[in-house]
Amino acid sequence: MVAPIGMAEIDERTRKVVMDILNVTNDQIKPESKFIDDLRADQADLAVLLNGYEKEFGIKIADEDSTKFYRYEDVVNYLYKTFNPA
């Protein structure tokens, strides 16, 4: 069982990972930002991002889950649900 983490903290930590790896600014990241179309990520970047989320949050993200990460909000919502199960 994982300890709950609030949405604001998840957003802040996820944003830092994305900014560091994709070399984008905070202002460029919107909930609806698409990694490939808007943030100019390629497939290699997506793999590095996945590793970054796993390290930042100390979890393992299943491959079938990671294929659903099209937009920034997809990742944040996934992480929120992981740490705050219903």
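Here our numbering is used: the first residue of the sequence shown is 433, the next is one more, and so on. Even glycine gets a Cβ: it sits at the ideal position worked out from N, Cα and C.
Ranked by Cα distance from Lys448, the first of Ser465, Asp477 and Tyr485 is Tyr485. The alpha-carbon of Tyr504 is positioned some 6 Å away from that of Glu464. In the structure shown, Arg472 falls within a coil segment according to DSSP collapsed to helix, strand and coil.
By the neighbour-count criterion, in which a residue is buried when 16 or more other Cβ atoms sit within 10 angstroms of its Cβ, Thr499 is exposed.
The residues Ile453, in chain order, have a CB closer than 6 Å to that of Leu481 in the same chain once the five nearest residues on each side in sequence are set aside.
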